[in-house]
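J.:
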Amino acid sequence: MHFVAHVVNEGTVPVEIRNIKYEMRSATGAIVEVGDIPQAYPNKIAPGASAVIGRTVRADAAVANADVASVDIRFETIRTSSIDNLLDVSNISFRGSSPGGQPVITGDVQNNGRNVYDNIQTAVVLIDSTSRWIGYVTASLPVRSLKPGDKAQFVTNADLPPSVNTRTVSFRGFSFDK
102 MHFVAHVVNE
112 GTVPVEIRNI
122 KYEMRSATGA
132 IVEVGDIPQA
142 YPNKIAPGAS
152 AVIGRTVRAD
162 AAVANADVAS
172 VDIRFETIRT
182 SSIDNLLDVS
192 NISFRGSSPG
202 GQPVITGDVQ
212 NNGRNVYDNI
222 QTAVVLIDST
232 SRWIGYVTAS
242 LPVRSLKPGD
252 KAQFVTNADL
262 PPSVNTRTVS
272 FRGFSFDK
């Protein structure tokens, strides 16, 4: 099961997203599985800004992914004094997979802040032709730290369902220093 949610801070103060939980439900509304999601990307967002929450899991109690009709995601937000998200993701590209292989996603992360970042987390959302968020992949940078003004490339294999691979037409990237 692959799911992704778009979170927008509609408030007036920066918030941190935490304590993220999911519930997989059957067509009758019965809970199939519950679990935790480690973090949102980014985990702190300014008013009007967006974050992504996603996961790829197999429901233990389900016979097949088709047994899961919906996924509910719940989380807490707390007010935060700083956002510290001055990392921009650009030049995202997607190379489809060969039979039996995984697609590859590449892109750049640039530090537009004044601080050195040393634990950068990146997520790429895959978007279909109707602007629906249909996939989610995380990546790590191959560099130990990223100085102000510097840019680094990421490369990651995307373990995605085939239907997501064929429907992807655009991307949106998120990155932050953990």
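Per the numbering used here: the sequence shown = residues 102 to 279. Where a beta carbon is used, it is the ideal one built from N, C-alpha and C, also for glycine.
Hey, quick one: how far does the beta strand (DSSP E) through isoleucine 221 stretch, first residue to last?
T.: Along the sequence shown, one-based indexing puts residue 221 at 120. Element bounds for isoleucine 221: 221-228.
J.: Report yes if the CB atom of threonine 157 is closer than 8 Å to the CB atom of glutamate 117, and no otherwise.
T.: For this step, residue 157 is matched to residue 56 along the sequence shown. For this step, residue 117 is matched to residue 16 along the sequence shown. No; because the gap between Cβ atoms is not below 8 Å, this pair is not in contact.
J.: Enumerated in chain order, which unbroken segments of the alpha helix (DSSP H) with a length of 4 residues or greater are wholly contained in the region 108-134?
T.: none
J.: What runs of the beta strand (DSSP E), each 3 residues or longer, lie entirely inside the region 136-193?
T.: 151-157, 171-180
J.: Mapping DSSP to helix, strand and coil, what is valine 270?
T.: Taking the sequence shown and counting its residues from 1, one reaches residue 270 at position 169. Note: valine 270 maps to coil in three-state DSSP.
J.: Rounded to a whole number of angstroms, what is the C-alpha to C-alpha distance between arginine 175 and valine 135?
T.: On the sequence shown, residue 175 is found 74 positions in, with the first residue counted as 1. On the sequence shown, residue 135 is found 34 positions in, with the first residue counted as 1. When rounded, the distance between both Cα atoms is 11 Å.
J.: Pick helix, strand or coil for valine 217, following the three-state DSSP scheme.
T.: For this step, residue 217 is matched to residue 116 along the sequence shown. If DSSP states are grouped into helix, strand and coil, valine 217 belongs with coil.
J.: Secondary structure at valine 265, three-state DSSP: helix, strand or coil?
T.: Indexing the sequence shown from 1 puts residue 265 at position 164. Valine 265: helix per DSSP, three-state reduction.
J.: For the beta strand (DSSP E) that contains aspartate 209, what are its first and last residues?
T.: Numbered from its first residue, the sequence shown carries residue 209 at position 108. Run containing aspartate 209: 205-212, per the beta strand (DSSP E) assignment.
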